[in-house]
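2 protein chains.
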Amino acid sequence: MNDIEIIGFIAAVLATSAFLPQVYKTWITKDVSGLSLPMLFLFFIGIMAWLVYGILKPSLAMIFANGITLMSSFLLIYFKIRYSNK
Amino acid sequence: MNDIEIIGFIAAVLATSAFLPQVYKTWITKDVSGLSLPMLFLFFIGIMAWLVYGILKPSLAMIFANGITLMSSFLLIYFKIRYSNK
Numbered sequence: 000m001n002d003i004e005i006i007g008f009i010a011a012v013l014a015t016s017a018f019l020p021q022v023y024k025t026w027i028t029k030d031v032s033g034l035s036l037p038m039l040f041l042f043f044i045g046i047m048a049w050l051v052y053g054i055l056k057p058s059l060a061m062i063f064a065n066g067i068t069l070m071s072s073f074l075l076i077y078f079k080i081r082y083s084n085k
Numbered sequence: 000m001n002d003i004e005i006i007g008f009i010a011a012v013l014a015t016s017a018f019l020p021q022v023y024k025t026w027i028t029k030d031v032s033g034l035s036l037p038m039l040f041l042f043f044i045g046i047m048a049w050l051v052y053g054i055l056k057p058s059l060a061m062i063f064a065n066g067i068t069l070m071s072s073f074l075l076i077y078f079k080i081r082y083s084n085k
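If you read the sequences in order, they're chains A and B. Its first residue numbered 0, the first sequence is counted upward by one per residue in numbering that gives the first Met the number 0. Its first residue numbered 0, the second sequence is counted upward by one per residue in numbering that gives the first Met the number 0.
Next comes the structure, spelled out in structure tokens:
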């Protein structure tokens, strides 16, 4: 792995670490009132496009980061649908 | 611009569009109770590292996306400090 990819992995760990507590908080509290389903879908499609970009570029750090974020945002969409109107 | 960068720009527009309503909502409501300052800092540093990665790679789409996200997260940090304890 070269120096550029190492910077990418540092970025990936920092930025995705900041996103995971949100997923955890939503899971525990089941409070999805602040989440917007259209926005979550937009974000999900955006992250899918980033993942495709990472594969084509190619960029290991982006594949890693967007793989994790894709799963996280999928979970948020699931929570939003599951816990809405309760 | 080649095809890969076009996918990157689509990703950038989708994923950052999903983030901007959060910034706008915080600005209007001044409700920063749900935001954690350490997490915002972590995210800010992560995005800075992504920006450096985008410059070194080089990736125009990543420079564009992370430039906007860096400004957005800076604003959230400012709001959090400005509107806390009010």
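Built from N, CA and C at the ideal position, the CB exists for glycine as well.
Looking at the C-beta of residue i, does it have a partner C-beta in chain A at a distance below 9 angstroms?
| i | result |
| --- | --- |
| Y77 of chain B | no |
| G45 of chain B | yes |
Would a check of beta-carbon distances place residue i closer than 9 angstroms to chain B?
| i | result |
| --- | --- |
| F63 of chain A | no |
| F42 of chain A | yes |
| I3 of chain A | yes |
Using CA coordinates, which residue listed in the options is at the minimum distance from residue i?
| i | options | result |
| --- | --- | --- |
| L69 of chain B | B:A48, B:Y23 and B:P20 | B:A48 |
| S71 of chain A | A:Q21, A:I80 and A:G7 | A:Q21 |
| Y77 of chain A | A:I3, A:F40 and A:D2 | A:F40 |
| M0 of chain A | A:S58, A:L36, A:L75 and A:L74 | A:S58 |
| L74 of chain B | B:A11, B:S35 and B:T25 | B:T25 |
My understanding is that residue i touches residue j, with C-beta atoms under 8 angstroms, so please give their C-beta distance in whole angstroms.
| i | j | result |
| --- | --- | --- |
| I3 of chain B | L55 of chain A | 5 angstroms |
| Q7 of chain B | Y23 of chain A | The residue asked about is misnamed: residue 7 of chain B is Gly in this sequence, not Gln. G7 of chain B to Y23 of chain A, Cβ: 29 angstroms. No contact. |
Quiz item: Taking contact to mean at least 3 C-beta pairs separated by less than 8 angstroms, is the segment 58-71 of chain B in contact with the segment 11-25 of chain B?
Solution: yes
Quiz item: Which residues, in chain order, does the segment 28-39 of chain A contribute to contact with chain B at a C-beta distance below 8 angstroms?
Solution: Listed by position along the chain: G33, S35, M38 and L39.
Exercise. Give, in chain order, every residue of the segment 7-28 of chain B whose Cβ lies closer than 7 angstroms to some Cβ of chain A.
Key: G7, I9, A10, L13, A14, S16, A17 and P20
Practice problem: Could you list the residues in the segment 48-60 of chain A with a C-beta less than 8 angstroms from some C-beta on chain B, going in chain order? | Solution: A48, W49, V51, Y52, L55, K56, S58 and A60
Exercise. Determine contact between the segment 25-34 of chain B and the segment 74-84 of chain B, defined as no fewer than three beta-carbon pairs at a distance below 8 angstroms.
Key: yes
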